[in-house]
Structure formats: structure tokens, C-alpha cells
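Asks:
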Amino acid sequence: MGTYATINLFKQYAEVFPAEKEWERPRIIIDNRCTMPSRVRAFLYHENVERLIDEMANSIDGLLKIGGGSARIILACNTSHLFLPQIYKKVPEAKSAVINIIHSCVEQISKDNVKQVFLLGSEGTIESKVYQEALSEKGIICKVPQKEQYVLLRNCIEAVKQNKYSDEVKKSFQELMDEYDVPIILGCTELPILYEKYKDGIDITVYDPLLIALKKLKEEYENE
Numbered sequence: 078m079g080t081y082a083t084i085n086l087f088k089q090y091a092e093v094f095p096a097e098k099e100w101e102r103p104r105i106i107i108d109n110r111c112t113m114p115s116r117v118r119a120f121l122y123h124e125n126v127e128r129l130i131d132e133m134a135n136s137i138d139g140l141l142k143i144g145g146g147s148a149r150i151i152l153a154c155n156t157s158h159l160f161l162p163q164i165y166k167k168v169p170e171a172k173s174a175v176i177n178i179i180h181s182c183v184e185q186i187s188k189d190n191v192k193q194v195f196l197l198g199s200e201g202t203i204e205s206k207v208y209q210e211a212l213s214e215k216g217i218i219c220k221v222p223q224k225e226q227y228v229l230l231r232n233c234i235e236a237v238k239q240n241k242y243s244d245e246v247k248k249s250f251q252e253l254m255d256e257y258d259v260p261i262i263l264g265c266t267e268l269p270i271l272y273e274k275y276k277d278g279i280d281i282t283v284y285d286p287l288l289i290a291l292k293k294l295k296e297e298y299e300n301e
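Residue numbers (the working numbering): 78 to 301.
(1) Please name the residue, chosen from Q209, I203 and Q239, that lies closest to Q223 on a Cα-to-Cα basis.
(2) In chain order, what residues of the same chain lie with their CB nearer than 6 Å to the CB of L212, ignoring the 5 residues before and after it?
(3) Does DSSP classify Y284 as helix, strand or coil?
(4) Between which two residues does the alpha helix (DSSP H) holding I217 run?
(5) What are the complete beta strand (DSSP E) segments, minimum 3 residues, inside the region 115 to 202?
(6) Which same chain residues, not among the five before or five after Y227, have their C-beta less than 7 Å away from its C-beta?
(7) Apart from the five residues just before and just after V221, which ones in its own chain have a Cβ nearer than 8 Å to its Cβ?
(8) Is there contact here, the region 168 to 183 with the region 288 to 300, by at least three beta-carbon pairs under 8 Å?
(9) Would E170 pass as a contact of L141 if the rule is Cβ separation under 8 Å?
(10) Taking C-beta to C-beta, are K295 and F94 nearer than 8 Å?
(11) My understanding is that K167 touches A134, with C-beta atoms under 8 Å, so please give their C-beta distance in whole angstroms.
(12) Return the chain-ordered list of same chain residues with a C-beta closer than 8 Å to the C-beta of I150, the five sequence neighbours on each side being excluded.
(13) Cα-Cα, which of E297, E301, E299 and G264 is closest to V283?
(14) Kindly indicate the opening and closing residues of the alpha helix (DSSP H) around I84.
(15) For I262, which of helix, strand or coil comes out of DSSP?
(16) Measure the CB-CB distance between R116 and S157 and report whether it falls below 8 Å.
(17) Quick check: what's the CA-CA separation for I178 versus D244?
(18) What are the boundary residues of the alpha helix (DSSP H) that includes Y275?
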């Protein structure tokens, strides 16, 4: 998964699990396998699909076994969730371990009684309609960017992956954030990083699926 998105996830983990002593936090194992094929291209163009599924399954299987085994797993990529059905066929025990960040996000939006949202994410996530369908089942309208705006999203996401920011990236991100006056799903794990960087002047509710999943994980941990 993306390196900077993974770094941000680890930072969020430390904030969601505050502790006076480090050993009070649960153990976390990170597999930043950024060498795996593009999840977006696998979905849109069917590139390296089997290799991607094999590598994701291998990583998840490893997390379930290393150091006594991970009880819960979070995938730091929204688009990767599109391949979970195939992964579960290869690693059935993963189904009870993986926290689906898309489902957690939709559940939180429904719980907040929100009736309409705007989804920002990769082309793969948007075109798959994985969020739109899950939200529709809850009676929530999901607006998405116009296809001609995909290039803006792509540039924003790549800026984070490369850690290269510009005034043009800032303008593109703010333009997307200002598109509708409704809560926004930051449906790509690079986008919360941009939001933190450029949030001054943005007065809108945002939903970060990774952060929501971490908070759900904390609730489970505290209730054990």
C-alpha cells in the first residue's frame, strides 16, 4: 500500500490509542508492501489481477501467523477492498480478521443520520460503485466527481505518493472539496493527508475511513 498513507495510519493509531506508557498500546505489525501491482489498474484494466490477489493474500496470511498472529487487520487502501472476495477464497480465516474500512465508514455515516455525501477517491473506487451501493442500501445519496475531474483526483493522490506538493495540487484539492455543500468521504487513503495539509478554510464535515476503522478497533480493544 502507499507509503505515506501507511505512515499516516501509524500516526493515527498512536493518536487513537493514547497511552502514558508505550506498552499500554496494543502491538501493531505493519506490512507496507508497496511493491504490489496497482489496485486501481487491476480493477479498471485487469492488469496483474492474479499477481495482486496472490500478493495481498500472502501478506494477509503472513499477518495472521507472524508473532502469534494478528487478531485484526486493516488494509490501508480503499480500492484493495474490491479484491477481498477473491482473497477470502485463498485465506478464509482472514474474513473474521479484516476490518472493512468501507463498511465501517458507511455505518458511521448512517449512524450520524447523514442523508447525502460526496465521495472523493481513486477512479477504481468510484467506478466500482462499492461506496455508492453500500450507501444506497442505507438510504444515503452519494454524489461523485465528474469524469473530467478524475485527472484532478489523480494528481492529488500522486502528489501524496510522491511527497511533492504544489500550488496547483492545493487548488485542485480545494476545488474538489468545494464541489458540494455536503459531508465528504475521503475515500482514498492519500486524501486525508492532503486534507490535513490544506484544511484551513474548508468548513465541511469529512469522513476518513481509516480513522473510523481505528476508532472501531479501539472500541473492540477496550471491550475485551
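Glycine included, each C-beta is placed from N, C-alpha and C at the ideal position. Values in this document were obtained by computation on a predicted structure and should not be read as measured data.
Replies: Once the coordinates are examined:
(1) I203
(2) V183 and C219
(3) strand
(4) Neither: I217 is in no alpha helix (DSSP H) and is coded neither H nor E.
(5) 193 to 198
(6) E200
(7) F195, L196, I203 and Q209
(8) yes
(9) yes
(10) yes
(11) 4 Å
(12) I137, L140, L141, A171, A174, V175 and I176
(13) G264
(14) T80 to V93
(15) strand
(16) yes
(17) 31 Å
(18) L268 to Y275
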